[in-house]
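The next block holds one structure in the form of structure tokens; read it before the comments.
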Amino acid sequence: KAGVTQTPRYLIKTRGQQVTLSCSPISGHRSVSWYQQTPGQGLQFLFEYFSETQRNKGNFPGRFSGRQFSNSRSEMNVSTLELGDSALYLCASRLGQGRTDTQYFGPGTRLTVL
Amino acid sequence: DAKTTQPTSMDCAEGRAANLPCNHSTISGNEYVYWYRQIHSQGPQYIIHGLKNNETNEMASLIITEDRKSSTLILPHATLRDTAVYYCIGYQTGANNLFFGTGTRLTVIP
Numbered sequence: 001k002a003g004v005t006q007t008p009r010y011l012i013k014t015r016g017q018q019v020t021l022s023c024s025p026i027s028g029h030r031s032v033s034w035y036q037q038t039p040g041q042g043l044q045f046l047f048e049y050f051s052e053t054q055r056n057k058g059n060f061p062g063r064f065s066g067r068q069f070s071n072s073r074s075e076m077n078v079s080t081l082e083l084g085d086s087a088l089y090l091c092a093s094r095l096g097q098g099r100t101d102t103q104y105f106g107p108g109t110r111l112t113v114l
Numbered sequence: 115d116a117k118t119t120q121p122t123s124m125d126c127a128e129g130r131a132a133n134l135p136c137n138h139s140t141i142s143g144n145e146y147v148y149w150y151r152q153i154h155s156q157g158p159q160y161i162i163h164g165l166k167n168n169e170t171n172e173m174a175s176l177i178i179t180e181d182r183k184s185s186t187l188i189l190p191h192a193t194l195r196d197t198a199v200y201y202c203i204g205y206q207t208g209a210n211n212l213f214f215g216t217g218t219r220l221t222v223i224p
């Protein structure tokens with residue numbers, strides 16, 4: 001079974017621009033979560049989607065948004081990019097929302113904001 | 115939050131067992147302990163999880179103390195490819211997402 005895939009793998013943007021990242025979950029998985037990883041803050045939860053609805057949200061500004069499609073694929077969008085948004089963005093999928101539903105991570109998208 | 119405490123770094127000789135400790139004294143009774151590792155900025159890789167019984171899979175063993183305040187991840191025969199940051203994590207209180215701490219940087223030495 002194919003793992004979680006994320007596109008693009010690397011991205012360079014300038015301040016003020018917006019960016020859209022894509023995540024395809026493992027086949028059959030209906031929950032997708034997004035995380036941001038920076039050297040200073042570590043791995044932080046952004047949000048989780050299940051059945052096309054946002055179920056949980058971390059402590060990030062409204063510039064960070066996401067959505068999930070009927071096939072469980074998910075996108076996250078960051079508007080008005082700031083230098084501090086440079087990070088590794090990770091997507092994780094799991095079967096459902098139970099706490100024993102293990103999350104499996106993709107390789108990440110490395111975003112650099114200049 | 116189900117906060118966890120791990121040593122910042124550890125070394126292990128290749129071929130020996132690596133024992134990575136984790137303290138999680140605030141974990142609730144029905145909360146699982148998960149272990150992931152991250153190799154050189156790749157996506158975190160799931161290793162194992164447990165509730166109160168010891169668990170073993172093809173990658174590692176997880177020993178959880180009877181009071182559930184701490185656990186130990188055991189890699190039975192460490193190889194150079196096991197060099198990574200290891201995260202012991204639980205679910206964030208009131209939310210349904212993993213809470214990552216700072217992890218333990220394990221270096222396997224030839």
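As they're listed, the protein sequences go chains A and Z.
Read left to right, the first sequence gives residues 1 to 114 (my numbering).
Read left to right, the second sequence gives residues 115 to 224 (my numbering).
Ideal Cβ placement from N, Cα and C applies to all residues, glycine included.
Source: prediction; values computed, not measured.
Residue i, buried or exposed, once every other Cβ within 10 Å from all chains shown has been counted against 16
i      : result
A:T109 : buried
Z:N144 : exposed
A:G84  : exposed
A:S72  : buried
Z:D196 : buried
Z:R130 : exposed
Z:R151 : buried
A:E48  : buried
Z:H191 : exposed
Boundaries of the beta strand (DSSP E) in which residue i is found, first to last residue
i      : result
Z:V147 : 147-152
A:Q54  : 53-57
A:E82  : Taken as a continuous stretch (DSSP letters only), A:E82 belongs to no beta strand (DSSP E), as it is neither H nor E.
Z:V222 : 218-223
Z:S155 : Element bounds for Z:S155: n/a, residue is neither H nor E.
A:I12  : 10-13
A:F45  : 42-50
Z:P135 : 132-137
A:A2   : Note, A:A2: premise wrong, no beta strand (DSSP E); not H, not E.
Where residue i meets chain C, residues with beta-carbon distance less than 8 Å
i      : result
Z:N137 : Note that chain C does not occur in the displayed structure, where the protein chains are A and Z.
Close Cβ partners of residue i (< 7 Å) along its chain, the five nearest in sequence each way excluded
i      : result
A:T5   : S24, G106
A:T102 : R94
Close Cβ partners of residue i (< 6 Å) along its chain, the five nearest in sequence each way excluded
i     : result
A:L21 : M76, Y89, T109
*Please name the residues in the stretch 151-171 of chain Z whose beta-carbon is closer than 9 Å to at least one beta-carbon of chain A, in chain order.*
For the stretch 151-171 of chain Z, the beta-carbon criterion of a distance under 9 Å to any beta-carbon of chain A is satisfied by Q152, S155, Q156, G157, P158, Q159, Y160, H163, L165.
*In chain order, what residues of the stretch 51-72 of chain A put their CB closer than 8 Å to some CB of chain Z?*
Those residues of the stretch 51-72 of chain A that come within reach of chain Z (Cβ to Cβ, closer than 8 Å) are R55, N56, G58.
_Sufficient close CB pairs (3 or more, under 8 Å) joining the stretch 72-88 of chain A to the stretch 118-129 of chain Z_ = Short answer: they don't touch.
*Using a beta-carbon distance cut-off of less than 7 Å, what residues from the stretch 99-113 of chain A approach chain Z?*
Within the stretch 99-113 of chain A, the qualifying residues are R99, T100, T102, Q103, Y104, F105, G106, P107, G108.
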